[in-house]
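Heads up: the sequence shown runs through residues 359 to 424, numbered per this note's numbering. Ideal Cβ positions, reconstructed from N, Cα and C, are used throughout, including at glycine. Keep in mind the model is a prediction, meaning the values are calculated, not measured. Contents: one structure, followed by commentary.
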Amino acid sequence: PVRIAYREEGRDNINLTRWEDLQEVEGYFFAGRRVHFDEEGRITKVLATSDFDLNPGVEPSVFTEP
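Printed below as a string of structure tokens:
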């Protein structure tokens, strides 16, 4: 999904996010921007990933399903 709504444990408010600029690096996918917005659609926060480097010390199997 590129747009989700979720509630964090112990909190009453619902978080709304939209993932943009989806990218792939060596078979791994990530969002270039994670946009947070309120119930009226107003943007409240934007988290941007401008660069992505794979950590060569981490085995790729860490990211596979159990």
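Candidates the options, of which the one nearest residue i by Cα
i	options	result
Y386	D411, V360, P424 and G415	D411
Chain-order list of residues whose beta-carbon lies under 8 Å from that of residue i (same chain, five-residue window excluded)
i	result
V404	R391, R392, V393 and H394
Residue i (DSSP reduced to helix, strand or coil)
i	result
V360	coil
V420	helix
E427	No answer is possible for residue 427: the residues shown for the chain start at 359 and end at 424.
Own chain residues within Cβ distance below 7 Å of residue i, not counting five before or after
i	result
E367	none
E378	A389, G390, R391 and V393
Chain C contact for residue i (CB, 8 Å cutoff)
i	result
N373	Within the model displayed, chain C is absent; a lone protein chain is all it includes.
Legend entry - contact_flag[the segment 391-398, the segment 370-378] where n(CB pairs < 8 Å) is 3 or more: Result yes; three or more Cβ-Cβ pairs closer than 8 Å.
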